[in-house]
Structures are given as structure tokens and as C-alpha cells.
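Per numbering that gives the first Met the number 0, the sequence shown starts with residue 0, numbered consecutively.
Ideal Cβ positions, reconstructed from N, Cα and C, are used throughout, including at glycine.
One structure is given below, encoded as C-alpha cells.
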Amino acid sequence: MLISPTRGLNCYNWCMDIEVSPPADYITSITLCADLFKEACDNKNFLDIHTAQILTQILPVLVNGPPEDSTEDSYVHYYLSPLLSSVFSTDPLLKMKWANGKLMNDQSQYKPDFLAYNISGSRRCVIVIAEFEPTEKNSYVESDLVKLAKQMKVTLNEMIMNGVSKPEVCGVYCEGENVHTYIMDLPSPKLYRLINASRIKLFRRLDQISLLPNIITHLLCLKNVALKTATKVETALLYSYNNLKRPAPNPPEEWLSSVKAVLSRLPKKQKK
Numbered sequence: 000m001l002i003s004p005t006r007g008l009n010c011y012n013w014c015m016d017i018e019v020s021p022p023a024d025y026i027t028s029i030t031l032c033a034d035l036f037k038e039a040c041d042n043k044n045f046l047d048i049h050t051a052q053i054l055t056q057i058l059p060v061l062v063n064g065p066p067e068d069s070t071e072d073s074y075v076h077y078y079l080s081p082l083l084s085s086v087f088s089t090d091p092l093l094k095m096k097w098a099n100g101k102l103m104n105d106q107s108q109y110k111p112d113f114l115a116y117n118i119s120g121s122r123r124c125v126i127v128i129a130e131f132e133p134t135e136k137n138s139y140v141e142s143d144l145v146k147l148a149k150q151m152k153v154t155l156n157e158m159i160m161n162g163v164s165k166p167e168v169c170g171v172y173c174e175g176e177n178v179h180t181y182i183m184d185l186p187s188p189k190l191y192r193l194i195n196a197s198r199i200k201l202f203r204r205l206d207q208i209s210l211l212p213n214i215i216t217h218l219l220c221l222k223n224v225a226l227k228t229a230t231k232v233e234t235a236l237l238y239s240y241n242n243l244k245r246p247a248p249n250p251p252e253e254w255l256s257s258v259k260a261v262l263s264r265l266p267k268k269q270k271k
């Protein structure tokens with residue numbers, strides 16, 4: 000179940016005003032962002048605060064026109080890093096790791112573009128996984144969305160085996176201007192349910208900045224799910240310390256599947 004954050008007081012109006020009458024240069028944009036940030040902090044509205052924080056990073060860049068973002072590194076740097084960092088780095092239950100950190104502590108083949116995880120004791124438990132593509136692609140090998148789902152399954156299995164009760168793993172898939180959020184759970188034996196929680200448009204120009212509060216809202220909803228699971232992770236660890244054993248898997252271990260498959264597209268046969 001997604002829990003919506005408190006509705007913003009002023010962020011929608013801020014972004015619409017910027018679209019209609021954008022700041023003229025770097026100094027003007029920085030001054031505007033400072034004023035918005037102070038207003039948001041005075042009001043203590045979290046959606047306004049996140050919006051002001053992200054505007055501080057992106058508005059001075061966008062006033063000079065859309066940046067070159069055809070490569071994954073620049074795409075992440077200009078657009079996704081301000082969003083994900085603002086949302087997922089602001090709670091002590093979650094830590095972040097960027098670009099190619101291994102999913103597990105073993106020799107896993109998976110290296111996601113972004114992770115948010117909980118550290119309980121010496122154990123790192125991944126809860127949020129993200130994959131990025133700067134442009135839409137049709138690949139003959141597995142898409143990043145398929146890889147994301149596989150990584151979420153591995154993570155879900157790991158949490159259940161460690162005694163985390165009914166965990167939910169969160170995913171973010173960004174392809175061009177489309178941002179999808181996902182939640183995976185295990186409602187019945189061998190059934191890994193992948194729920195597309197939201198599909199949102201990513202801003203890439205100043206005249207699209209009114210999309211920002213909506214994007215933040217959906218990411219905050221996903222973060223609330225992640226925090227719920229992070230709390231369950233810490234509860235399971237506390238049980239282990241107090242009882243010198245892990246909690247019984249819930250759902251039961253026999254519900255899990257470790258079957259692996261590789262998907263690929265057959266190329267079309269050329270006409271003779």
C-alpha cells in the first residue's frame with residue numbers, strides 16, 4: 000500500500016511561475032532558489048522542501064538551456080541524482096550507493112545503477128534498486144527492466160531467508176523521459192508480484208519544470224514503502240540478537256524460487 004506524502008503548500012505554484020517567467024541567469028536563479036528554500040523550511044512542508052532543494056541544483060543549469068545528456072553518466076548527473084539523493088538520503092534508515100555496486104555481498108552478477116539499503120549491525124540489506132537508460136532502446140539482449148525485476152527477486156529472497164516478515168522490494172526504472180516505480184512482493188508460492196506503482200514524466204527542459212512536484216510525490220510514496228521494509232529489517236535483526244536465531248521465514252521458505260532464466264530476442268529473418 001502506497002502512503003502519499005503531505006501535499007505541498009507552494010511547490011506547484013513555484014514551478015508554474017518558473018515556467019511562465021523563468022529566471023534570466025545564474026545569479027537570478029540562485030537567488031530565487033534561496034528564497035524558495037527559506038520559505039519551504041519556514042513552513043516545514045516536506046514536499047516544498049524537497050522541491051526547493053532539487054531546484055537549487057537543477058535550475059541554475061537549465062536556465063542556460065538543456066544540457067547534453069545522451070550518455071548515461073550525464074543523464075544521471077543532471078536529472079536523476081538530484082531527485083534520488085534528495086528523497087532517499089534524508090532518512091537514517093536508508094543509505095545510498097551509486098553505479099555498479101554489487102547487489103549482494105557474494106559474487107552476484109548484478110550491478111545496479113543505484114541502491115538504497117539499510118545497515119543493521121554489519122549486514123547490508125538492499126531495499127531500493129534503480130536502473131537507468133538515457134534513451135528508449137529495443138535490445139536483443141535483456142532489457143534493463145527485466146534485469147531490474149531479476150534483481151528485485153534476488154533481494155526479496157534474501158530478505159525472506161533472513162527472517163524479514165513480508166518484505167516489499169522497491170524498484171525505479173528510468174528510460175528517457177519515462178520514470179516507472181515498482182514494488183515486488185511474494186503473495187503466494189513462487190508468485191513474484193511486480194506492481195507498477197506509478198509512471199511519471201521526467202522534466203528535461205525549463206518549460207517542463209512543473210512536472211517536478213509530481214515526480215517527487217511518487218518517489219516519496221515509494222520511499223514510504225522502503226522505510227516500512229527497513230523497519231522490518233531492523234525488527235528481524237533485533238529478534239536474532241535477542242534469541243540467537245533468525246525469525247522463521249514469513250512467507251515460508253518453500254514459497255521461494257531460485258530458478259534463473261535468460262531472455263533474448265530472436266532477430267528477424269532477412270528476406271532472401
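(1) Suppose you measure from the CA of Phe45 to the CA of Ile182; what does that come to, to the nearest Å?
(2) On the DSSP bridge assignment, give the partners of Ile199 in chain order.
(3) Are the beta-carbon atoms belonging to Ala33 and Ile126 less than 7 angstroms from one another?
(4) Helix, strand or coil, according to DSSP, for Asn44 in the structure here?
(5) For Tyr11, which residues in the same chain have their Cβ closer than 6 angstroms to its Cβ, ignoring the five residues on either side in sequence?
(6) So, for Thr228: in the same chain, excluding its five sequence neighbours on each side, which residues have a beta-carbon less than 6 angstroms away from its beta-carbon?
(7) Which partner residues of Cys32 appear in the DSSP bridge assignment?
(8) Counting C-beta neighbours from all protein chains within 10 Å, is the total for Thr5 16 or more, i.e. buried, or is it exposed?
(9) Going by DSSP in three states, Asn12 sits in which element: helix, strand or coil?
(10) I need the boundaries of the alpha helix (DSSP H) containing Ser164, first residue and last residue.
(11) With three or more C-beta pairs closer than 8 angstroms as the rule, is the stretch 247-255 touching the stretch 204-218?
(12) Of all the options Ser142, Gly175, Leu155, which has the alpha carbon lying nearest to the alpha carbon of Lys189?
(13) Helix, strand or coil for Glu132? Go by DSSP, reduced to three states.
(14) What three-state label does DSSP hand Ala225 in the structure shown?
(15) May I ask you to report which of helix, strand or coil DSSP gives Gln106?
(16) Tell me which same chain residues have a C-beta within less than 8 angstroms of the C-beta of Pro66, skipping the five on either side of it?
(17) What is the rounded straight-line gap between the Cα of Lys222 and the Cα of Asn242?
(18) Output needed for Val258: all residues of its chain with C-beta closer than 8 angstroms, excluding positions within five of it in sequence on either side, in chain order.
The short version:
(1) Taking the first residue of the sequence shown as position 1, residue 45 is located at position 46. Taking the first residue of the sequence shown as position 1, residue 182 is located at position 183. Going from the Cα of Phe45 to the Cα of Ile182 covers about 23 angstroms.
(2) For this step, residue 199 is matched to residue 200 along the sequence shown. Paired residue(s): Val178.
(3) By one-based count along the sequence shown, residue 33 stands at place 34. By one-based count along the sequence shown, residue 126 stands at place 127. Result no, Cβ atoms of Ala33 and Ile126 do not sit closer than 7 angstroms.
(4) Walking along the sequence shown from the start, residue 44 turns up at place 45. In the structure shown, Asn44 sits in coil (DSSP, three-state: anything other than H, G, I, E or B).
(5) Taking the first residue of the sequence shown as position 1, residue 11 is located at position 12. Pro212, listed in sequence order.
(6) Locating residue 228 in the sequence shown gives position 229, where the first residue counts as 1. Within the same chain, Thr228 has close Cβ partners Ile126, Pro166, Glu167.
(7) In the sequence shown, the residue the question calls residue 32 occupies position 33. Note: Cys32 sits in no beta bridge, so no partner.
(8) Taking the sequence shown and counting its residues from 1, one reaches residue 5 at position 6. When all chains shown are included, Thr5 counts as exposed.
(9) Here residue 12 refers to the residue found at position 13 when the sequence shown is read from its first residue. If DSSP states are grouped into helix, strand and coil, Asn12 belongs with the helices.
(10) Position 165 of the sequence shown, counted from the first residue, corresponds to residue 164. Careful: Ser164 lies outside any alpha helix (DSSP H) and carries neither H nor E.
(11) no
(12) On the sequence shown, residue 189 is found 190 positions in, with the first residue counted as 1. It is Leu155.
(13) Within the sequence shown, numbered from 1, the residue matching residue 132 stands at position 133. Three-state result, Glu132: strand.
(14) Taking the sequence shown and counting its residues from 1, the one referred to as residue 225 is at position 226. The answer is helix: DSSP assigns Ala225 an H, G or I state.
(15) Here residue 106 is taken as the residue at index 107 of the sequence shown, counted from 1. Low confidence applies here, because Gln106 scores a pLDDT of 47, under 50, leaving its location unreliable and the question unanswered by this model.
(16) Taking the sequence shown and counting its residues from 1, the one referred to as residue 66 is at position 67. The answer, listed in chain order, is Val60, Ser73, Tyr77.
(17) Working through the sequence shown from its first residue, we reach residue 222 at position 223. Working through the sequence shown from its first residue, we reach residue 242 at position 243. In a straight line, the C-alpha of Lys222 is about 30 angstroms away from that of Asn242.
(18) As a working note, residue 258 is residue 259 in the sequence shown. Correct list: empty, nothing qualifies.
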